[in-house]
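Q: Numbering follows my numbering, with no gaps: position 73 of the sequence shown is 81.
Yeah, the Cβ is synthetic: ideal placement off N, Cα and C, and Gly gets one too.
My questions all concern the structure below.
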Amino acid sequence: MPTTPQTTDELLQALQENDRRPYGRTRTVTAEELAEAAEQFADPLALFHALMELQEAYTYGAEPRKSPVVFARLLTLHDEQPDIFDARMRHTLFWRFKWVANALRALPEIPLTSLRQWQTEMRDRYEKAGFGLQPYYGQLYQLAAHTGEDTDLAYELWAGRARTPLSDCEACEICDRALYHLARGDDERALEIWEPVLAGKASCQEEPARSISFALLPLLRTGQTDKARALHLAGYRACRRNPSMSREVGRHLEFCALTGNEARGLELLAENRNLFEEVDSPLDLYDFLTGVEVLLRRVELLGHGELPAAGHPGRTWTVAALRAEVSDRADDLAARFDARNGTSAHTDRRRARLDRAPLLDALELTLRPRALDDAAPAAPVAALAARTADLPEPLPELVLRARELDAQGHPDARACWDRLRTLVAAPGYTHPDDPAVGPLLRLRADLLADEADREGAKDRFAAAAALQEQAAALYDEAGRPGDAALCRAGALLARAELPPEDAADPAAERIAALTAAHAAVVRLQQETPDLAPYQEARLLRLRATLLGLRLQTSGDEAHAAPLFAEVDLLHAFADRHDIAGQLSGALLLRASTHALSGDLPTAVTETDALLERLREHGPAWHLPRTLTLRGRFQLGLRNAQAAHENLAEALRLTAEWPTGTAETTRLHADLAQACLHLGRPDEALRHLTRSADLELREGNRVDAFCAYSNAAQLSLDLGRVEDCIALLDSLLSEPDIASGELDDRLTAQLRLTRARALHEGGDLKAATAESVALAAESAGWDDDPGSHAMIAAEAAVLLAESGEFDRAREAVDQALAAHARAPRYDRLSGSLREIARLRAERQGADGLPDALALLADAGRIADEAAAAGHEARGRSLGTALAYEYGRVNAYAGAHEDALAALDKALALLGEPGEDNGHAAEWAECVRLAGVVEGIYLERADAALARLESAAARLTALGHTEEAEELTALAARLRDKE
């Protein structure tokens, strides 16, 4: 708390601000300080509100030991000064008798007799105050269910009574009824009772999150896996990191353990590590730890006991060590509760959960499915597995086989080099004394050259260039000038592909670098004696590749002819020396050159001929790349079906002839694009996430998170809100994102999408908090004011939706200041109009001046946009503004001004035509004008004439649905006459 309140008004304001904070230590500490501050005022009402806030903070902050103490003070205040308590205050006070009963039940050190004494106190006070006793009997049942004794009788005494104003909310009572039947083994009856809560028809502070956590396993047992999956995603989000919902978190961990999602369970455990310290309720901790142990036992059983796990802060844990610690603590808690209650209920329940067998081998819960192997400590990522090859056992044969395959460009060379790399690195390696193998220097150079090729395939050009140079030096020492020349040419290519630094014209500098590299490779080829044919062919291929990259960068037709000439040289040389791989490579380069020159039909024809040749003569391992290229050409020709067929076949063949993870990653990305064009977004989403997963496995984290960001946005567009949020939560918990190591703009994009998804999912509070935080951070982006303008504008709308109009105005002013530096006409105009509408809708005439001021700002932006020649997406900014003036004035009761604005909007829109979108906007404007004119201004005749004329016009144009709405409104107006 920044400053101690000096007046009761300041105290009440501080209490309101604290009420907006999430439950946890920060809110609790502030509530304690405010309660202490309230003591200085001779105002019992101020003290009442401060104590109520403090008890709520303790209750929902999982600190049951302190809640009864605060309530005792409240009860004393009521007994000493009953006159200050109005009906609402008395209702709240008596409601919280149940909070105290729950708190005492959660503490094993409180004797059972004390629990029953409190229940008696509750009954007596309820009777004296004239309140019904159904809540009292509800507490009797809760205690019976807790101890495991006389539950049937207690249930009947409670459930058979009519609800009273002090009964638990409907959602909570539904949950308790369902749990009674669940404990009796009747899953179907429990789920039937739960349905209103699970469907979102009844809710409260704790529901439906509490019910969802209990319903997950019954849903699985009754075969409702899709519903269980969806509820897990939504329910977990509602309780994550919340100390008062640690029991629910534990059940979500158990759900993961029993559905083959142990890796996700470990991820969620890490996300909730705070609960080990922040949960002060023994009963909540007992439930949470049991759920944790179910997960850890399962992971350990699967042979991953040495994996790291997130446990009590202050030390590092393995799964096995944490499982042992958790087991001891939970066993102790169960024993303490059973000793207090005189039953074995808690030990029995715990044992039943721990002995439960998995319900499913695998249930895909998120868009980012993970296995326990993914949770292992970071290690070098293995390359995509090569096709099974019969590797020679004798070392000399293995070396010669690797070189032979490498000269052919055969993918099985990777497996040979991998095996050799392992052998050479092993202690005690002895190099064979064989002239055919050559010295160790040459083999080390071979391995470096292979590593350089792999780095280049991952676009790690600096590393590739350095490795190529190292390999070239070793080849020189080994007396292999041809191999050295190939490595130096590879280094030239890699350096030419490095992005220019601080270049005034990056494209021009890149073109110059590629041109210079090409000339250098030509000289290198001319100056190197005794090149083998495969080496000559590779150098020719590198020359063509450099010129291809130049054409791709420049788009200059003048660069096409030199490229075609180089391709022809390569083709002729490969044909003359019967080098099949380079011959097909030349044909592939020729097709690509046609595509780069803008002639996609010829490019497709060339690839068709190449595919026919490859299928007949080989090499077969060139088929995946050729099919991939053809698929991309077809995408360019907007033939999505053909593209999908080619790309899908290429993906299938990569399993037989792997070209490396980079190519497979790109294939999935291309297939996602084809699927979107074909209207198959769910399939596109699978390919996007697979592409991202492969990028991550290869260590390309920025590219991976970009792909995941696209997947998250697509899932949000598809209405899969919980999938989107779960994916983003998983990504944002990654260490390099959480620590701020990743690019801050990419992280911001992930968070922005998450805020939008939270808003779409109905969590306005969380969405607003995230958006406001992003707006504050982006204010420091001096190099990108446009993005800050958009983020601040979105935050302003969410603040307005939350009713915080003053803060919304502050955010709008930030957005306008950034907009002045980097205009974002559409976003700013739309946000200003939306905030104005919200203000008028919620505040009526009182909010009209501020709403009109916002619309005036929107008007200035519309004028700026028109002066700049900006074309808005959809209707013009001026038209949208006129319509909003109509709505705002209508909400505020200024109906003449509203009608004038709507008539202006109609004039700006113009008459409707065949376009459905325009017709719908025009019809909506007519409809609102008809409402204002006919209902509020009571000019029925004029309104009817307007509506009937518009309906006839729309019907004639074929817009029957829009016409029907206007006709229905006209009928309503006639009925009123």
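(1) DSSP three-state label for residue 316, please.
(2) On the DSSP letters alone, give me the boundaries of the alpha helix (DSSP H) that residue 201 sits inside.
(3) Short of 8 Å in beta carbon distance, which residues of its chain neighbour residue 911, apart from the five on each side in sequence? Order them along the chain.
(4) Tell me residue 126's beta-bridge partners as DSSP assigns them.
(5) I need the straight-line Cα distance from residue 654 to residue 635, nearest angstrom please.
(6) Which parts of the region 202-237 are runs of the alpha helix (DSSP H), unbroken and 4 residues or longer, counting only runs that do not cross its ends?
(7) Is residue 326 helix, strand or coil by DSSP?
(8) Let me know the secondary structure DSSP gives residue 437 once reduced to three states.
(9) Only counting runs of 4 or more residues, tell me where the alpha helix (DSSP H) segments fall wholly within the region 684-721, in order along the chain.
(10) Below 8 Å on the Cβ atoms is my contact criterion, and I expect residue 892 with residue 928 to pass it. Report the Cβ-Cβ distance as a whole number of Å.
(11) In this structure, how does DSSP classify residue 922 when only helix, strand and coil are distinguished?
(12) I'd like to know whether the C-beta atoms of residue 281 and residue 238 end up nearer to each other than 8 Å.
(13) Using only the alpha-carbon positions, how far apart do residue 349 and residue 337 sit?
(14) With residue 855 and residue 900 assumed to form a contact (beta carbons below 8 Å), what rounded beta-carbon distance in angstroms separates them?
(15) With DSSP as the reference, label residue 392 as helix, strand or coil.
(16) Can you look up residue 179 in the DSSP assignment and give me helix, strand or coil?
(17) For residue 585 and residue 545, which I take to be in contact (beta-carbon distance under 8 Å), what is that distance rounded to the nearest angstrom?
(18) Near residue 66, which residues of its chain fall below 7 Å by C-beta distance, leaving aside the five closest residues on each side in sequence?
(19) Going by DSSP, what residue range makes up the alpha helix (DSSP H) through residue 944?
(20) Roughly how many angstroms separate the alpha carbons of residue 641 and residue 748, rounded to a whole number?
(21) Please list, in chain order, all residues of the same chain as residue 134 whose beta carbon is under 8 Å from its beta carbon, the five residues on each side excluded.
(22) How big is the Cα-Cα spacing for residue 84 and residue 213?
(23) Can you grab the Cα-Cα spacing for the pair residue 352 / residue 295, in whole Å?
(24) What's the call for residue 833, buried or exposed, on a 16-neighbour Cβ count within 10 Å?
(25) In the DSSP assignment, find the unbroken alpha helix (DSSP H) run with residue 745 in it and report its ends.
(26) Can you tell me whether residue 755 is buried or exposed, with buried defined as 16 or more other CB within 10 angstroms of its CB?
(27) Have a look at residue 408 and residue 531 and give me their C-alpha separation to the nearest angstrom.
(28) Using CA coordinates, which residue listed in 848, 327 and 851 is at the minimum distance from residue 316?
(29) Return the Cβ separation of residue 661 and residue 622 in integer angstroms, given the expectation that the two are a contact with Cβ distance under 8 Å.
(30) Answer with buried or exposed for residue 506, where buried requires no fewer than 16 other C-beta atoms within 10 angstroms of its C-beta.
(31) Distance check for residue 712 and residue 683, CA to CA, integer angstroms please.
(32) So is residue 127 buried or exposed if we call it buried at 16+ other beta carbons inside 10 Å?
(33) DSSP on residue 373, reduced to helix/strand/coil?
(34) Looking at residue 182: is its Cβ nearer than 8 Å to the Cβ of residue 202?
(35) Cβ atoms of residue 39 and residue 62: under 8 Å apart, would you say?
A: For this structure:
(1) strand
(2) 195-206
(3) Taken in chain order, the residues that qualify are 937.
(4) Its beta-bridge partners do not exist; DSSP assigns none.
(5) 5 Å
(6) 217-229
(7) strand
(8) Looking at residue 437 - three-state DSSP - the assignment turns out to be coil, as it is neither helix nor strand.
(9) 689-705
(10) The Cβ separation is near 17 Å, so there is no contact.
(11) In the structure shown, residue 922 sits in coil (DSSP, three-state: anything other than H, G, I, E or B).
(12) no
(13) 18 Å
(14) 7 Å
(15) Because the pLDDT at residue 392 is just 36, under 50, the model does not fix this residue reliably, and the point stays unresolved.
(16) helix
(17) Yes, they are in contact, since the Cβ atoms of residue 585 and residue 545 sit about 7 Å apart, within 8 Å.
(18) 36, 74, 75 and 78
(19) Note, residue 944: premise wrong, no alpha helix (DSSP H); not H, not E.
(20) Roughly 39 Å separates the two Cα atoms.
(21) 102, 105, 140, 141, 143, 144 and 174
(22) 27 Å
(23) 15 Å
(24) Taking every protein chain shown into account, the CB of residue 833 has 16 or more other CB atoms within 10 angstroms, so this residue is buried.
(25) 743-746
(26) buried
(27) 30 Å
(28) Checking every option, the nearest Cα to that of residue 316 belongs to 327.
(29) The pair is not a contact, with the Cβ atoms about 11 Å apart (cut-off 8 Å).
(30) Classification for residue 506: exposed.
(31) Taking C-alpha positions only, residue 683 is separated from residue 712 by approximately 20 Å.
(32) buried
(33) In the structure shown, the three-state DSSP call for residue 373 is coil.
(34) yes
(35) yes
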